[in-house]
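If you use this note's numbering, the sequence shown corresponds to residues 1 to 314, in order. Even glycine gets a Cβ: it sits at the ideal position worked out from N, Cα and C. First comes the structure, then the notes that go with it.
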Amino acid sequence: MGQACVSVDLDGLRCYRDIHGLSAPRAQLNGGQGADAAYSIGVRRLLDFFDAERLPATLFVIGRDLEVDAHSSLLLEAHEAGHELANHSYSHHYDLRTRPLAEQEREIARCEEAILELTGRKPTGFRTPGYNVDASLLAICRSRGYLYDSSIFACPPYYLAKGAVMSWLSLRGRPSRSQMTRPQTLLAPLAPYFPDEKRFWRDSQRGYGLLEMPMAVVPGVRFPIIGTSLHLLKELGFDAVYPLIRRAQPRHFNLEFHAIDFMDSNDEGVADLVGIQPDLAVPWTTKRARYAHVFARLREHYRFATLEDTARSF
Ligand SMILES: [Zn+2]
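Below is the structure:
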């Protein structure tokens with residue numbers, strides 16, 4: 001039996017507005033200390049859903065979100081329920097990898113301290129914002145004693161789409177705060193590996209150090225298998241590609257979601273995002289049934305575990 005990891009990046013709705021150069025609705029600017037709907041609705045739902053599924057997940061937390069009480073109490077509940085809280089940087093800068101080294105270190109350290117303060121436990125895993133990883137970020141994780149990084153998403157269709165959205169926005173005078181990912185990321189292995197210290201997309205063949213746990217893509221065509229794409233594939237499409245992935249990665253399946261994948265267009269606070277995040281049109285009840293189907297298939301060949309527990313077994 002392999003191990004399947006479900007991870008969720010807890011990106012607030014502001015992250016989507018940053019990518020698309022949108023400003024926050026007026027109601028959310030006033031005060032600013034209110035809970036983000038990605039938490040009050042998305043995280044609430046996923047905790048209840050994973051509890052019903054008896055599924056231990058890894059939640060990638062943006063450190064500064066812990067300054068809002070409503071967020072930190074949900075995450076304390078998640079920690080007590082056995083979910084792993086991992087590091088998704090303090091501010092979620094999409095261009096973190098090109099910022100000064102001292103700032104990269106500070107972004108990782110401040111999120112780590114916020115999680116430690118909440119749970120009494122230091123996180124052991126990191127995922128960079130926007131899949132935008134580089135050797136410098138991995139070196140910082142190594143020096144801080146992290147077990148793993150899970151930022152590699154070797155998916156050409158994603159990069160083409162990201163490039164197209166960014167050029168379109170800049171032509172319209174609405175520059176995105178996102179940043180293109182290093183293209184070498186596409187050369188990385190699909191299965192977990194120990195990255196070379198400089199050429200992070202290469203396996204160093206040294207069975208120690210920081211483990212990289214890439215996100216799932218279909219071998220060959222490299223179609224992404226993440227929360228959003230499950231709604232393009234639907235149940236039949238997932239069943240069709242699942243044997244390919246299982247054959248390519250019998251030991252490890254890394255399925256990534258975002259908090260917004262647990263929301264729909266009827267939810268409060270998402271009205272301005274429906275046009276740019278088309279799967280918000282899929283009702284939560286449909287999403288829930290679809291994820292349950294995927295989890296049931298995975299259970300045939302994999303045991304669910306957090307990324308941290310899985311990293312320890314490599
Ligand atoms: Zn993120």
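Kindly give me the distance between the Cβ atoms of residue i and residue j, rounded to whole angstroms, as I take these residues to be in contact under 8 angstroms.
i      : j      : result
Asp51  : Leu10  : With a Cβ gap of about 17 angstroms, Asp51 and Leu10 do not count as contacting.
Leu210 : Pro195 : 7 angstroms
Phe262 : Arg45  : 4 angstroms
Thr332 : Trp201 : Here the chain covers residues 1 to 314 and nothing more, so residue 332 does not appear.
Val61  : Phe257 : Not confirmed; about 14 angstroms, so no contact.
Arg312 : Leu116 : Arg312 to Leu116, Cβ: 19 angstroms. No contact.
Gly125 : Thr58  : 7 angstroms
Gly63  : Cys111 : 3 angstroms
Ser151 : Leu118 : With 8 angstroms as the limit, Ser151 and Leu118 do not qualify as a contact, their Cβ atoms being about 23 angstroms apart.
Leu255 : Ala216 : 6 angstroms
Gly2   : Pro250 : 5 angstroms
Could you compute how far the alpha carbon of residue i sits from the alpha carbon of residue j?
i      : j      : result
Pro219 : Ala4   : 17 angstroms
Gln104 : Thr98  : 9 angstroms
Ala240 : Asp69  : 43 angstroms
Leu29  : Tyr39  : A caution first: Leu29 carries a pLDDT of 47, below 50, which makes its placement in the model unreliable, though a value can still be read off. If I take the Cα positions, the gap works out to 17 angstroms.
Glu268 : Tyr208 : 46 angstroms
Ala81  : Gly173 : 45 angstroms
Lys287 : His231 : 8 angstroms
Tyr302 : Ala78  : 23 angstroms
Val270 : Glu235 : 26 angstroms
Ala102 : Asp149 : 19 angstroms
Val43  : Gly34  : 15 angstroms
Ala289 : Ala37  : 22 angstroms
Ile276 : Ser229 : 15 angstroms
Asp18  : Leu47  : 26 angstroms
Asn87  : Leu187 : 24 angstroms
Arg297 : Thr310 : 19 angstroms
Ile226 : His83  : 19 angstroms
Gly31  : Pro100 : Note that Gly31 scores 46 on pLDDT, short of 50, meaning its location in the model is unreliable and no value can be drawn from it.
Arg199 : Thr285 : 43 angstroms
Leu74  : Phe49  : 14 angstroms
Leu233 : Arg246 : 16 angstroms
Val133 : Phe153 : 10 angstroms
Asp203 : Gly237 : 31 angstroms
Thr306 : Gln205 : 24 angstroms
Ala248 : Ser143 : 31 angstroms
Tyr242 : Leu76  : 34 angstroms
From the options, pick the residue whose C-alpha is nearest to that of residue i; which is it?
i      : options                           : result
Arg299 : His252, Ile276 and Glu212         : His252
Ala292 : Gln179, Tyr39, Leu55 and His93    : Leu55
Tyr131 : Ala139, Tyr158 and Arg110         : Tyr158
Gly21  : Phe304, Tyr94 and Pro100          : Tyr94
Glu53  : Val294, Thr119 and Leu307         : Val294
Leu138 : Leu118, Arg121, Ser89 and Asp36   : Ser89
Glu308 : Gly120, Ala109, Ile276 and Glu212 : Glu212
Gly12  : Met1, Ala24 and Arg144            : Ala24
Gln179 : Leu187, Cys15, Thr285 and Asp48   : Cys15
Ile41  : Ala281, Asp264 and Thr306         : Asp264
Ser91  : Ala109, Phe238, Leu76 and Asp203  : Ala109
Do residue j and residue i count as a contact pair if the criterion is CB distance below 9 angstroms?
i      : j      : result
Leu316 : Ile260 : Coverage of the chain is limited to positions 1 through 314, which leaves residue 316 absent and any answer about it impossible.
Pro214 : Pro189 : yes
Arg222 : Cys141 : no
Pro129 : Leu85  : no
Asn266 : Pro278 : no
Glu197 : Ala135 : yes
Phe304 : Val6   : yes
Glu107 : Leu96  : yes
Hey, would you say the C-beta of residue i is under 8 angstroms away from at least one heavy atom of ligand 3?
i      : result
Gly130 : Among the ligands present in this structure, namely ligand 1, ligand 3 is not found.
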